[in-house]
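The sequence shown begins at 1 in the UniProt record's numbering and counts up one residue at a time.
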Amino acid sequence: MAALAKRGRWVAVYFSWRPNLPDEADNHLIELALAGQAAAIVTHNVRDLAGGELRLGSLRVISPAQCLEIWP
1 MAALAKRGRW VAVYFSWRPN LPDEADNHLI ELALAGQAAA IVTHNVRDLA GGELRLGSLR
61 VISPAQCLEI WP
(Lines of atoms letter the chains of each structure in order from A; the text may use other names.)
(Lines give C-alpha, C1' and ligand atoms only; values in the text may rest on other atoms or scores of the structure.)
Protein backbone atom coordinates (compact mmCIF):
# COMPACT_ATOMS: atom_id res chain seq x y z
CA MET A 1 0.00 0.00 0.00
CA ALA A 2 2.85 2.41 0.74
CA ALA A 3 4.18 2.09 -2.81
CA LEU A 4 0.70 2.70 -4.19
CA ALA A 5 0.19 5.72 -1.94
CA LYS A 6 3.46 7.27 -3.14
CA ARG A 7 2.14 7.24 -6.71
CA GLY A 8 -1.16 8.88 -5.79
CA ARG A 9 -1.90 12.57 -6.17
CA TRP A 10 -4.64 14.96 -5.12
CA VAL A 11 -7.06 16.04 -7.84
CA ALA A 12 -9.83 18.61 -7.89
CA VAL A 13 -13.24 17.61 -9.21
CA TYR A 14 -14.79 20.34 -11.37
CA PHE A 15 -17.67 18.41 -12.91
CA SER A 16 -20.34 16.22 -11.34
CA TRP A 17 -21.31 12.97 -13.07
CA ARG A 18 -24.36 12.41 -10.83
CA PRO A 19 -26.63 10.61 -10.77
CA ASN A 20 -24.87 7.76 -12.47
CA LEU A 21 -24.65 4.77 -10.13
CA PRO A 22 -27.49 3.04 -8.29
CA ASP A 23 -25.76 3.73 -4.95
CA GLU A 24 -25.25 7.49 -4.51
CA ALA A 25 -22.40 6.78 -2.08
CA ASP A 26 -20.33 5.34 -4.97
CA ASN A 27 -20.65 8.27 -7.41
CA HIS A 28 -17.68 10.15 -5.98
CA LEU A 29 -15.38 7.31 -7.08
CA ILE A 30 -16.34 7.84 -10.73
CA GLU A 31 -15.85 11.60 -10.39
CA LEU A 32 -12.41 11.23 -8.81
CA ALA A 33 -11.27 8.66 -11.36
CA LEU A 34 -12.34 10.84 -14.28
CA ALA A 35 -10.83 14.01 -12.78
CA GLY A 36 -7.54 12.19 -12.17
CA GLN A 37 -7.57 10.58 -15.63
CA ALA A 38 -7.35 7.13 -14.05
CA ALA A 39 -7.14 4.06 -16.26
CA ALA A 40 -9.15 1.98 -13.78
CA ILE A 41 -10.99 1.87 -10.49
CA VAL A 42 -9.87 -1.09 -8.39
CA THR A 43 -12.59 -2.34 -6.05
CA HIS A 44 -14.20 -5.42 -4.57
CA ASN A 45 -17.52 -3.81 -5.56
CA VAL A 46 -17.13 -4.26 -9.34
CA ARG A 47 -20.78 -5.07 -10.01
CA ASP A 48 -22.13 -1.86 -8.50
CA LEU A 49 -19.53 0.43 -10.05
CA ALA A 50 -19.72 -1.11 -13.51
CA GLY A 51 -23.52 -0.83 -13.56
CA GLY A 52 -23.77 2.91 -14.11
CA GLU A 53 -26.03 4.61 -16.62
CA LEU A 54 -23.18 6.42 -18.38
CA ARG A 55 -20.55 4.67 -20.49
CA LEU A 56 -17.31 6.32 -19.49
CA GLY A 57 -14.96 5.57 -22.35
CA SER A 58 -11.79 3.76 -21.38
CA LEU A 59 -12.31 3.91 -17.59
CA ARG A 60 -12.34 0.30 -16.38
CA VAL A 61 -13.70 -1.10 -13.14
CA ILE A 62 -11.66 -4.11 -12.03
CA SER A 63 -11.16 -6.31 -8.98
CA PRO A 64 -7.92 -6.34 -6.97
CA ALA A 65 -7.10 -9.76 -8.47
CA GLN A 66 -7.53 -8.40 -12.00
CA CYS A 67 -5.32 -5.44 -11.09
CA LEU A 68 -2.51 -7.77 -10.02
CA GLU A 69 -2.82 -9.70 -13.29
CA ILE A 70 -2.63 -6.53 -15.38
CA TRP A 71 -0.06 -4.59 -13.35
CA PRO A 72 2.12 -7.10 -11.44
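Glycine is no exception: its CB is placed at the ideal position from the N, C-alpha and C atoms.
Please read these numbers as outputs of a predicted model, since none were measured by experiment.
Short of 7 Å in beta carbon distance, which residues of its chain neighbour residue i, apart from the five on each side in sequence? Order them along the chain.
i: L32; result: V11, V13
Grouping DSSP H, G and I as helix and E and B as strand, with all else coil, what is residue i?
i: A65; result: helix
i: R18; result: coil
i: R7; result: helix
In whole angstroms, give me the CA-to-CA distance for residue i and residue j.
i: R55; j: I62; result: 15 Å
i: N45; j: S58; result: 18 Å
i: F15; j: R60; result: 19 Å
i: E69; j: K6; result: 21 Å
i: A38; j: W71; result: 14 Å
Could you check where the beta strand (DSSP E) with residue i kicks off and where it finishes?
i: V46; result: First-last for V46: 46-50, but that is the alpha helix (DSSP H), not the beta strand (DSSP E).
i: A40; result: 40-42
Excluding the 5 residues flanking residue i on each side, which residues of the same chain have their C-beta closer than 6 Å to its C-beta?
i: G36; result: V11
For residue i, I'd like the list of residues in its chain whose CB is within less than 8 Å of its CB, leaving aside the five on either flank, ordered along the chain.
i: E24; result: R18
i: D26; result: N45, D48, L49
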